[in-house]
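J.:
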Amino acid sequence: MAVLEIVTVSSPRAPILREKTRPVECFDENLRALAENMTETMWHEHGIGIAAPQVGEYLALVVVDIRQSKETKYPCTLDGEKITKIALCPLLMANPRIEKFSMGTVYGREGCLSVPDVRENVRRSKEITVVYQDMNAESHRLFCGGILAICIQHEIDHLNGILFIDRVERKE
Ligand SMILES: [Zn+2]
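The working numbering numbers the first residue of the sequence shown as 39 and each following residue consecutively.
(1) Secondary structure at Q106, three-state DSSP: helix, strand or coil?
(2) For the segment 116-184, list the alpha helix (DSSP H) runs that are entirely contained and at least 4 residues long, ordered along the chain.
(3) In three-state terms, what does DSSP make of C189?
(4) Quick one: what's got a C-beta closer than 7 Å to C189's C-beta in the same chain, skipping five residues either side?
(5) If you draw a straight line from the C-alpha of V153 to the C-alpha of V47, how long is it?
(6) Quick test of your reading: E78 and A40, contact by CB under 8 Å. State the CB separation rounded to the nearest angstrom.
(7) In the DSSP assignment, find the unbroken alpha helix (DSSP H) run with A89 in it and report its ends.
(8) Is S177 near ligand 1, going by C-beta to nearest heavy atom under 8 Å?
(9) Can you list, in chain order, the residues of its chain whose CB lies under 7 Å from that of L151, leaving out five sequence neighbours each side?
(10) From which residue to which residue does the alpha helix (DSSP H) around N68 run?
(11) DSSP puts R60 in a beta bridge; with which residues?
(12) On a CA-only basis, which of K111, A187, D172, I203 is nearest A73? Give me that one, please.
(13) Going by beta carbon distance, what residues of the same chain come within less than 8 Å of T167, once the five residues before and after it are set aside?
(14) Three or more C-beta pairs under 8 Å: does that hold for the segment 154-163 against the segment 109-116?
(15) If you check the beta carbons only, do L186 and K123 fall under 9 Å apart?
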């Protein structure tokens with residue numbers, strides 16, 4: 039595994055952070071290596087999530103690992119079975135798509151490896167159902183809330199060229 043260079047908003051490669059990614063179609067060794075390197079990079083930077091554009095790849099691939107979070111409040115099911123968030127980590131998702139947003143929202147402070155030293159309050163859905171493929175191209179449906187849901191929403195935004203700073207609500 040290798041630590042990759044993070045593309046930040048001030049780096050020469052920053053435009054990639056504003057591009058839409060292409061779907062993962064080839065579930066091969068290269069994809070697995072990229073996912074592993076993204077995981078290593080996220081851990082190295084003490085992040086809880088990372089998306090492929092943040093390491094310069096136009097691919098719909100994200101990695102999430104919230105095991106450092108103390109939160110245990112929200113239920114989580116994978117393919118209809120109860121699962122602990124810890125058992126999911128690190129969660130490698132290809133082609134993730136949010137199928138359902140909950141009615142309620144939460145307002146919480148976020149940061150991003152690509153936007154160093156900035157933390158802002160962002161409103162997100164409290165619970166989501168997300169469909170995605172694992173590294174063997176098998177499809178899954180994950181229902182979750184809390185930090186995991188917030189993190190997944192943040193990472194999926196990256197796949198569509200959206201940064202959390204775009205979602206900051208400015209008081210009039
Ligand atoms: Zn981010």
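We put the CB at the ideal spot given by N, CA and C, even for glycine.
T.: Answer, in terms of the structure:
(1) For the purposes of this step, residue 106 is taken as residue 68 along the sequence shown, with counting starting at 1. Here Q106 sits in coil by DSSP.
(2) 123-126
(3) What you label residue 189 is simply residue 151 of the sequence shown in a count that begins at 1. Three-state result, C189: helix.
(4) Position 151 of the sequence shown, counted from the first residue, corresponds to residue 189. So the qualifying residues of the chain are I86, G87, V102, I104.
(5) Here residue 153 is taken as the residue at index 115 of the sequence shown, counted from 1. Here residue 47 is taken as the residue at index 9 of the sequence shown, counted from 1. Cα to Cα, V153 sits roughly 6 Å from V47.
(6) For the purposes of this step, residue 78 is identified with residue 40 of the sequence shown, where counting begins at 1. For the purposes of this step, residue 40 is identified with residue 2 of the sequence shown, where counting begins at 1. The Cβ separation is near 6 Å, so the contact holds.
(7) Within the sequence shown, the letter at position 51 stands for residue 89. Taken as a continuous stretch (DSSP letters only), A89 belongs to no alpha helix (DSSP H), being part of the beta strand (DSSP E) at 87-89.
(8) Walking along the sequence shown from the start, residue 177 turns up at place 139. Checking the Cβ of S177 against ligand 1 gives no.
(9) In the sequence shown, counting from the first residue as 1, residue 151 sits at position 113. So the qualifying residues of the chain are I44, E83, G85, I88, Q92.
(10) For the purposes of this step, residue 68 is identified with residue 30 of the sequence shown, where counting begins at 1. Unbroken alpha helix (DSSP H) run through N68: 67-82.
(11) Here residue 60 refers to the residue found at position 22 of the sequence shown. According to DSSP, R60 bridges with L97.
(12) Position 35 of the sequence shown, counting from 1, holds the residue named residue 73. Nearest C-alpha to A73: D172.
(13) Here residue 167 refers to the residue found at position 129 of the sequence shown. Cβ neighbours of T167 beyond the five flanking positions: I136, E137, K138, R179, L180, F181.
(14) no
(15) Locating residue 186 in the sequence shown gives position 148, where the first residue counts as 1. Locating residue 123 in the sequence shown gives position 85, where the first residue counts as 1. Yes, the Cβ-Cβ distance between L186 and K123 is below 9 Å.
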